[in-house]
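Notes follow once the structure below has been shown.
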């Protein structure tokens, strides 16, 4: 190798790449989305911490075992669990390249998600009608914030799910759509994991207290 | 739920990448149902008289179920993305543990030491 020497007085050469590296489109999307989920996890951790700190500040208001209806929570949990496995079946149909089947399972997943939200809103409206809204005590404020944030995530997940149903319908199972479906899969199952924490620490341990 | 029978029962496609097989999803679902039903049953029926023992059991079930979800639904393993997903997860768990334990610890002592109207026993005995 002959080393090119720089003549005195000349500027040091500047090297730059004229061609961009070739990256597969979306090659790092899954890792990036995973990092987003981890940071979302931190949001929920802080809300759990707030609930842990304020969870016994009743301000003379209702206590968990007086207002939580476990049968309703159990029903809600099963809705989310069913939606998790139906989303799994949508992913399996995607691997098989079956567009109709993917849309069908996504629709069923969406219905379970909608049922979950409906039950949760029913619970919230009941509490608020009885005068146990978020302004009643620190316990209820942190409860509504934590469970409401989870519900908001499910809502956005539903919006995303409907969007993907339309996209899969118009464009088919192209690589970009497969990637999007995988991201939503992570998001959806992640919400189920958060819900395990919610029903355990908020509802079950709340009733035990 | 598994209305579509698919006939052949072939899972050849699922071998690629971080996709689960039908078996994975079904195992995860069955385990989740069991791990959800038992804690709800314990709390709703109140079989165990001591609430603290029940609470401990319920928390263990939650932890196991979270791990089940990660393996069977999120398809976590140490190899995906050259291990970076696992690294991110471990980092998150550390931060979450510090934040949760720190917040609860500090605020518990604040309550116990700074509020004379509230006897410390009130906090501990709940």
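Chains as they are written, first to last, in the UniProt record's numbering: chain E, 1 to 209; chain W, 1 to 126.
Cβ atoms here follow ideal geometry from the backbone N, Cα and C, with glycine treated the same way.
C-beta contact flag for residue i and residue j at 9 Å
{"i": "residue 127 of chain E", "j": "residue 43 of chain W", "result": "no"}
{"i": "residue 157 of chain E", "j": "residue 195 of chain E", "result": "no"}
{"i": "residue 112 of chain E", "j": "residue 146 of chain E", "result": "no"}
{"i": "residue 149 of chain E", "j": "residue 54 of chain E", "result": "no"}
{"i": "residue 74 of chain E", "j": "residue 36 of chain W", "result": "yes"}
{"i": "residue 72 of chain E", "j": "residue 122 of chain E", "result": "yes"}
{"i": "residue 107 of chain E", "j": "residue 181 of chain E", "result": "no"}
{"i": "residue 125 of chain E", "j": "residue 61 of chain E", "result": "no"}
{"i": "residue 33 of chain E", "j": "residue 83 of chain E", "result": "no"}
{"i": "residue 193 of chain E", "j": "residue 66 of chain W", "result": "yes"}
{"i": "residue 38 of chain W", "j": "residue 72 of chain W", "result": "no"}
{"i": "residue 65 of chain E", "j": "residue 207 of chain E", "result": "yes"}
{"i": "residue 97 of chain E", "j": "residue 164 of chain E", "result": "no"}
{"i": "residue 130 of chain W", "j": "residue 41 of chain E", "result": "In this structure chain W extends from 1 to 126, so residue 130 of chain W is not present and cannot be described."}
{"i": "residue 74 of chain W", "j": "residue 186 of chain E", "result": "yes"}
{"i": "residue 103 of chain W", "j": "residue 27 of chain E", "result": "no"}
Same chain only: Cβ atoms within 6 Å of residue i, ignoring 5 sequence neighbours per side
{"i": "residue 70 of chain W", "result": "76"}
{"i": "residue 160 of chain E", "result": "184"}
{"i": "residue 120 of chain E", "result": "151"}
{"i": "residue 77 of chain E", "result": "199"}
{"i": "residue 24 of chain W", "result": "72"}
{"i": "residue 48 of chain W", "result": "54"}
{"i": "residue 78 of chain W", "result": "86"}
Given residue i as reference, the closest of the options once Cα atoms are compared
{"i": "residue 143 of chain E", "options": "E/50, E/107 and E/66", "result": "E/50"}
{"i": "residue 94 of chain W", "options": "E/39, E/133 and E/60", "result": "E/39"}
{"i": "residue 86 of chain W", "options": "E/67, E/31, E/42 and E/132", "result": "E/31"}
{"i": "residue 99 of chain W", "options": "E/15, E/10 and E/46", "result": "E/46"}
{"i": "residue 202 of chain E", "options": "E/175, E/63, E/18 and E/29", "result": "E/63"}
{"i": "residue 240 of chain E", "options": "E/59, E/208, E/26 and E/165", "result": "The question about residue 240 of chain E has no answer here: the residues shown for chain E are numbered 1 through 209."}
{"i": "residue 84 of chain W", "options": "E/209, E/170 and E/29", "result": "E/29"}
{"i": "residue 61 of chain W", "options": "W/32, W/101, W/78 and W/74", "result": "W/32"}
{"i": "residue 209 of chain E", "options": "E/67, E/16 and E/15", "result": "E/67"}
{"i": "residue 41 of chain W", "options": "W/88, W/58, W/112 and W/113", "result": "W/58"}
{"i": "residue 95 of chain E", "options": "E/162, E/175 and E/132", "result": "E/175"}
{"i": "residue 48 of chain E", "options": "W/101, W/51 and W/56", "result": "W/101"}
{"i": "residue 162 of chain E", "options": "E/19, E/118, E/179 and E/109", "result": "E/109"}
{"i": "residue 88 of chain W", "options": "E/179, E/118 and E/37", "result": "E/37"}
Chain A within 9 Å of residue i, Cβ atoms only
{"i": "residue 157 of chain E", "result": "Among the chains of the structure shown, chain A does not appear; the protein chains present are E and W."}
Same chain only: Cβ atoms within 7 Å of residue i, ignoring 5 sequence neighbours per side
{"i": "residue 168 of chain E", "result": "99, 102, 103 and 177"}
{"i": "residue 130 of chain E", "result": "none"}
{"i": "residue 64 of chain W", "result": "35"}
{"i": "residue 16 of chain E", "result": "none"}
{"i": "residue 4 of chain W", "result": "At residue 4 of chain W the pLDDT is 42, less than 50, meaning the model places this residue with poor confidence and gives no usable figure here."}
Close-in-space but distant-in-sequence residues of the same chain around residue i (CB under 8 Å, 5 per side omitted)
{"i": "residue 198 of chain E", "result": "146, 147 and 150"}
{"i": "residue 211 of chain E", "result": "This structure leaves residue 211 of chain E out entirely; chain E is present only between 1 and 209."}
{"i": "residue 191 of chain E", "result": "80, 150, 153, 154 and 157"}
{"i": "residue 105 of chain E", "result": "86, 87, 89, 90 and 93"}
{"i": "residue 141 of chain E", "result": "54, 134 and 135"}
{"i": "residue 68 of chain W", "result": "28, 31, 32 and 35"}
{"i": "residue 114 of chain E", "result": "158"}
Any residues in the segment 34–61 of chain W with a beta carbon nearer than 7 Å to a beta carbon of chain E? Which ones, in chain order? 36, 39, 40, 43, 44, 51, 54, 55, 58 and 59
Under 9 Å, CB to CB, which of the residues in the segment 191–203 of chain E have a partner in chain W? 192, 193, 196, 197, 199, 200, 201 and 203
Please name the residues in the segment 52–76 of chain E whose beta-carbon is closer than 7 Å to at least one beta-carbon of chain W, in chain order. 52, 53, 56, 70 and 74
Given a limit of 7 Å on CB to CB distance, which residues of the segment 73–84 of chain W reach chain E? 73, 74, 81 and 84
Contact list for the segment 165–178 of chain E against chain W, Cβ threshold 7 Å: none
Closer than 7 Å, Cβ to Cβ, to anything on chain W: give me those residues from the segment 34–47 of chain E, in chain order. 34, 35, 38, 41, 42, 45 and 46
With 8 Å as the C-beta to C-beta threshold (strictly closer), list the residues of the segment 79–92 of chain E near chain W in chain order. 81, 82, 84, 85, 86, 88, 89, 91 and 92
What residues in the segment 82–106 of chain W have a beta carbon less than 8 Å from any beta carbon of chain E? 84, 85, 88, 89, 91, 92, 95, 96, 99, 100, 103 and 104
What are the residues of the segment 108–125 of chain E that lie near chain W, defined by any Cβ-Cβ distance shorter than 8 Å? none
Residues in the segment 126–140 of chain E having any Cβ partner in chain W nearer than 9 Å: none
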